[in-house]
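Novice: Chains X and U are the protein sequences, given in the same order. Sequential numbering of the first sequence, starting at 1148, is according to our numbering. Sequential numbering of the second sequence, starting at 24, is according to our numbering. Glycine is no exception: its CB is placed at the ideal position from the N, C-alpha and C atoms. Note that the structure is a prediction, hence the values are computed from the model and not measured.
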Amino acid sequence: MTDSNLNSKNSQSNIGTNKDARIIKGIKKHLQSWDQLFLPACFIALLLFLTFSSEFFLTWPNLRNVLLQTSILAIVATGMTFVIIGGGFDLSAGSVVALSGTAAALAILSLGVPVGILVGLLIGAAIGLFNGFLISKMNLSPFIVTLGTLVTARGFALAVSGGHTVSNLPRTFTIIGTGNFLGIPYPAIIFIAVFVIGHIVLKYTAFGVKIFAVGGNREAARLSGIKVNKIIMMTFVICSLCASFAGLVLAGRIRAGEPTVGVFLELYAIAAVVLGGTNLKGGQGSLAKTLLGVLFIGVLQNGLNLMNVAYYWQQVAVGVVFVSAATVGALRAAR
Amino acid sequence: MNRKKVSKVILVSLLLIVLLAAYGCGDKAAAPAPAGDKQYTVGLSLASATNPFYMAMERGINQKAEELGINIRTVIAEEDVGRQVNGVEDLIVAQVDAMLISPISVDGLAVSYEMANDAGIPVVSIARSIANPDLEAAFVGLDWYESGAVIGRWIVDEIGEKGKVAMLAGPAGAYMVLRMTEAIKDVLADYPGIEIVAELYSTHTKENGLRLAEDVLVANPNVDVIYCNNDELALGAVEAVEAAGRLDRVKVTGFNAVPDAVASVREGRMAMTISLRPESWGKMAMEVVKAVLEGQHEGYLVEIDSFVVDYKNIAGLKAEDLQ
């Protein structure tokens, strides 16, 4: 039976008695909630599987690790969710992580911690503004523009550091990557805070609603009086700001500004967003979904390491999971 | 069944297949222990899973580990510091008895070494080391400066006290690159007739070797030697020299003696390379790790054997000499 058949049958029966209608409505609702629960169910299955296949998985040191290891990806993915809901995407995030971390490290050594952090974040904001301006005002493709900044930002990261690692960062800075509060690592606390703030902005502010509107139908949003260009520009600024923030946390975590970090990080971030069920076409999605996608990827990678799976097969596993989830998403959307 | 159901069945079964396959591939660590000895598990974190040099090293490590009855848990960083830090944390959680790490960054990995030490896990470095030897139980490697000096002296022997040398120095900032470049410059500085006409930095790939050597040949038509920081660069440079029709006049030097480079020396294309015997290197490292585990290791640097492979000795070399 095809989906369209099913739908027409449903609508036919809707014309029937009230009782029928209520039952069918109930079933539909039930199916929808099943839809919502699908990825969480897979995630729980994965957790159960790993619990049984590795004695180390369900231990506090390991769960702490998972939180720590997903924190960088999670912060980048938060910003990426804004851009994707607004109908774009950003390939430069990984390079921005490297450039912000390296430049901030250099600035910290010469100008102190507060200025250094400011430098890192300002670089992120500037790159976001540049991306957003070309994409919204000049109407260029996000692919071309952010591919350009991907290469350029990486080049700058290598240039400002001369290709060297910038080390000997003061403890007052590295604490954001290495410290913990009641046993919970700071990077994990930071990523949860970023998520919560992002969630509130997306869901409960006028700005958030406008992002959905712009991503869903740019023309309609324009006609209803939304300043579309400004909104798009803002989403790119948020994305690059998140990336530069992640760069700072990463620099704290490895206690050095390293110009080579974050290669492909943007692709994993996009994967996490899509895996969670946010549509790459824009106008739909949520940060709760992204959180699930991020944790899924983090737990999968951690679990495969604990099971001593060869690197090549880890790549295959992550790729297969991602493509399968995207396929399910597409089928769901086509319904 | 409707499409949604089909898609769910597909996803769930794919996930299961992958995980089961992974389960099959993984946990080789569960080999039975030889009677009497304590069963050790060693965590291994190498820089790359695709570089032939590290692949040979890993082969040697695994062979020796099997001989000694030691389990190996492997995480691969694929030249990404963040990934290596994560991998080492996973090894700590898995409660390995010791670690063998080839650190990608001299500074960026210090955190991981500290964490391992705090957890009571000794760490041995292989091939590359970190800036702070206090955190390392041992370093199985070689003196990069001395290796660079060997290449420098070979160049002087070949071209005499006059000529032009171009350097494809390798990735900027890497400790090994700094030391080898420094050593070669120090040796050549004693001969005013020898001029360094180019000093170019890039990652270790054939494409980079080809591209940079092409540029060198255009800018310096009468260059005598192109020094390359490793064999991948050198293999690319050899292609460029050959395309320019100057194989008879320009000597290309490599480093590592990977099989392709040895073949190239044999064919009279590459002039020289240095054999580091990565497989033996890996074996030696496992012996050091065992000694560390049993509290019998002393000292820091355990130097490996290396030797020059060039047109003069290539005929007498057998495959096992290079492993």
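Comparing alpha-carbon positions, which option in ARG269(U), SER68(U), LEU299(U) and GLY305(U) lies nearest GLY291(U)?
Specialist: Taking the second sequence and counting its residues from 1, one reaches residue 291(U) at position 268. Checked all of ARG269(U), SER68(U), LEU299(U) and GLY305(U); the closest Cα to GLY291(U) is ARG269(U).
Novice: Can a CB atom of chain U be found closer than 7 Å to the CB of VAL1408(X)?
Specialist: As a working mapping, residue 1408(X) is identified with position 261 in the first sequence. It does: the Cβ of VAL1408(X) has a partner Cβ on chain U nearer than 7 Å.
Novice: Would you kindly report the start and end of the unbroken beta strand (DSSP E) that includes LEU123(U)?
Specialist: Here residue 123(U) is taken as the residue at index 100 of the second sequence, counted from 1. It spans 121-124 - the beta strand (DSSP E) in which LEU123(U) sits, taken as one unbroken run.
Novice: Give the range of the beta strand (DSSP E) segment to which PHE330(U) is assigned.
Specialist: Here the question's residue 330(U) lines up with position 307 in the second sequence. Here the beta strand (DSSP E) through PHE330(U) covers 330-333.
Novice: So VAL248(U) packs on THR276(U), CB below 8 Å; how close in whole Å?
Specialist: Taking the second sequence and counting its residues from 1, the one referred to as residue 248(U) is at position 225. Taking the second sequence and counting its residues from 1, the one referred to as residue 276(U) is at position 253. 7 Å between Cβ atoms; contact.
Novice: Just checking my contact of ALA308(U) with VAL188(U) at CB under 8 Å: how many whole Å lie between their CB atoms?
Specialist: The residue labelled residue 308(U) in the question sits at position 285 within the second sequence. The residue labelled residue 188(U) in the question sits at position 165 within the second sequence. Actually they do not touch by this definition, with Cβ atoms about 33 Å apart.
Novice: Just list the beta strand (DSSP E) runs in the segment 220-294 of chain U, keeping only unbroken ones of 3 residues or longer that don't cross its boundaries, in chain order.
Specialist: Runs found: 248-251 and 274-276.
Novice: Leaving out the 5 sequence neighbours to the left and right, which residues in its chain are closer than 7 Å to GLU262(U) when beta-carbon positions are compared?
Specialist: The residue labelled residue 262(U) in the question sits at position 239 within the second sequence. Here the set comprises LEU233.
Novice: Since ASN1426(X) meets chain U, which of its residues come closer than 8 Å, beta carbon to beta carbon?
Specialist: Counting from 1 along the first sequence, the entry for residue 1426(X) is found at position 279. Correct list: empty, because the minimum Cβ distance to chain U is about 16 Å.
Novice: By DSSP, does MET203(U) sit in helix, in strand, or in coil?
Specialist: Position 180 of the second sequence, counted from the start, is the residue given in the question as residue 203(U). If DSSP states are grouped into helix, strand and coil, MET203(U) belongs with the helices.
Novice: Helix or strand or just coil, what does DSSP make of ALA192(U)?
Specialist: Here residue 192(U) refers to the residue found at position 169 when the second sequence is read from its first residue. Residue state, collapsed to three classes: strand.
Novice: For ASN1327(X), which residues of its own chain have a beta-carbon under 8 Å away from its beta-carbon, when the five flanking residues on both sides are left out?
Specialist: Working through the first sequence from its first residue, we reach residue 1327(X) at position 180. Closer than 8 Å at Cβ, skipping near neighbours: TYR1333.
Novice: Taking only three categories from DSSP, how would you classify VAL1467(X)?
Specialist: On the first sequence, residue 1467(X) is found 320 positions in, with the first residue counted as 1. Residue state, collapsed to three classes: helix.
Novice: Using a Cβ-Cβ cutoff of less than 6 Å, which residues in the same chain neighbour PRO55(U) once the five nearest sequence positions on both sides are dropped?
Specialist: Start at 1 with the first residue of the second sequence, and residue 55(U) comes out as number 32. Per-residue confidence for PRO55(U) stands at a pLDDT of 44, beneath the threshold of 50, marking its modelled position as unreliable; no derived number is given.
Novice: What are the residues of the segment 128-139 of chain U that lie near chain X, defined by any Cβ-Cβ distance shorter than 8 Å?
Specialist: Going along the segment 128-139 of chain U in chain order, one finds SER128, VAL129, ASP130, GLY131, LEU132, ALA133 and VAL134 with a Cβ nearer than 8 Å to chain X.
Novice: When we look at the beta-carbon of THR73(U) and count the other beta-carbons within 10 Å, is it buried (16 or more) or exposed?
Specialist: In the second sequence, counting from the first residue as 1, residue 73(U) sits at position 50. Under this definition THR73(U) is an exposed residue.
Novice: Starting from LEU1253(X), find everything on chain U with Cβ-Cβ shorter than 9 Å and list it in chain order.
Specialist: Counted from its first residue, the first sequence places residue 1253(X) at position 106. The contacting residues do not exist; LEU1253(X) stays about 13 Å from chain U at best.
Novice: Tell me whether THR1299(X) counts as near the ligand FAD, meaning its Cβ is closer than 6 Å to at least one heavy atom of that ligand.
Specialist: No copy of the ligand FAD occurs in the structure displayed, which carries no ligand at all.
Novice: Whether or not the segment 1412-1419 of chain X and the segment 144-159 of chain U are in contact is what I'm after, with contact meaning three or more pairs of Cβ atoms, one per stretch, closer than 8 Å; do they touch?
Specialist: No, the segment 144-159 of chain U is not in contact with the segment 1412-1419 of chain X.
Novice: Counting only Cβ-Cβ distances shorter than 8 Å, please list the residues of the segment 88-106 of chain U near chain X, keeping chain order.
Specialist: Per Cβ criterion, the list reads ARG96, THR97, VAL98, ILE99, GLU101, GLU102, ASP103, VAL104 and GLY105.
Novice: Could you work out which residues of chain U lie near ARG1402(X), taking near to mean beta carbons separated by less than 8 Å?
Specialist: Translated into the one-based positions of the first sequence, residue 1402(X) becomes position 255. Under the 8 Å cutoff, chain U gives ASP130, GLY131, ALA133 and VAL134.
Novice: What residue does the alpha helix (DSSP H) around GLY1248(X) start on, and which one ends it?
Specialist: Along the first sequence, read from residue 1 onward, the residue named residue 1248(X) stands at position 101. 1240-1258 is the extent of the alpha helix (DSSP H) around GLY1248(X).
Novice: Anything in chain X within Cβ reach of ASN109(U), meaning under 7 Å, just list it in chain order.
Specialist: What you label residue 109(U) is simply residue 86 of the second sequence in a count that begins at 1. By Cβ distance, chain X contributes GLN1216.
Novice: Could you please give me the residues that DSSP links to THR296(U) through a beta bridge?
Specialist: Here residue 296(U) is taken as the residue at index 273 of the second sequence, counted from 1. DSSP, once it has assigned bridges, lists VAL332(U) as partnering THR296(U).
Novice: Listing by chain order, which chain U residues have their CB less than 7 Å from the CB of PRO1208(X)?
Specialist: Locating residue 1208(X) in the first sequence gives position 61, where the first residue counts as 1. Those within 7 Å of PRO1208(X) in chain U are VAL116.
Novice: Please list, in chain order, the chain X residues whose beta carbon lies closer than 8 Å to that of TYR224(U).
Specialist: Against the second sequence, residue 224(U) aligns to sequence position 201. Simply GLY1310.
Novice: Check whether the Cβ atoms of GLY1279(X) and PHE1392(X) sit closer than 7 Å, and answer yes or no.
Specialist: As a first step, residue 1279(X) must be located in the first sequence, where it is residue number 132. As a first step, residue 1392(X) must be located in the first sequence, where it is residue number 245. No, Cβ-Cβ distance for GLY1279(X) and PHE1392(X) is not below 7 Å.
Novice: Are the CB atoms of TYR63(U) and LEU316(U) nearer to each other than 7 Å?
Specialist: Working through the second sequence from its first residue, we reach residue 63(U) at position 40. Working through the second sequence from its first residue, we reach residue 316(U) at position 293. Yes. Within cutoff.
Novice: Cα-Cα, which of GLY1259(X), GLY1235(X), THR1321(X) and ASN1376(X) is closest to PHE1290(X)?
Specialist: Taking the first residue of the first sequence as 1, we reach residue 1290(X) at position 143. The shortest Cα separation from PHE1290(X) among GLY1259(X), GLY1235(X), THR1321(X) and ASN1376(X) belongs to GLY1235(X).
Novice: Please name the residue, chosen from SER1314(X), ILE1385(X) and VAL1223(X), that lies closest to GLY1241(X) on a Cα-to-Cα basis.
Specialist: Within the first sequence, numbered from 1, the residue matching residue 1241(X) stands at position 94. The option with the nearest alpha carbon to GLY1241(X) is VAL1223(X).
Novice: Pull up the DSSP beta-bridge partners for VAL147(U), would you.
Specialist: Residue 147(U) sits at position 124 when you count from the first residue of the second sequence. Answer is LEU123(U) and ALA161(U).
Novice: Roughly how many angstroms separate the alpha carbons of THR1228(X) and GLN319(U), rounded to a whole number?
Specialist: Residue mapping note: residue 1228(X) aligns to position 81 of the first sequence, counting from 1. Residue mapping note: residue 319(U) aligns to position 296 of the second sequence, counting from 1. Distance between the alpha carbons of THR1228(X) and GLN319(U) is about 54 Å.
Novice: Cβ atoms of ALA1254(X) and VAL1266(X): under 7 Å apart, would you say?
Specialist: By one-based count along the first sequence, residue 1266(X) stands at place 119. By one-based count along the first sequence, residue 1254(X) stands at place 107. Yes; because the gap between Cβ atoms is below 7 Å, this pair is in contact.
Novice: Could you tell me which residues DSSP pairs with GLU218(U) in its beta bridges?
Specialist: By 1-based counting over the second sequence, the position of residue 218(U) is 195. Answer is LYS187(U), bridged to GLU218(U).
Novice: Work out the CA separation of ALA236(U) and GLN1431(X) for me, nearest whole Å.
Specialist: Along the first sequence, read from residue 1 onward, the residue named residue 1431(X) stands at position 284. Along the second sequence, read from residue 1 onward, the residue named residue 236(U) stands at position 213. Taking the straight line joining both Cα atoms gives about 51 Å.
Novice: With a cut-off of 7 Å, does the C-beta of ALA294(U) fall near any C-beta of chain X?
Specialist: Mapped onto the second sequence, residue 294(U) falls at position 271. No - not a single Cβ of chain X is within 7 Å of the one on ALA294(U).
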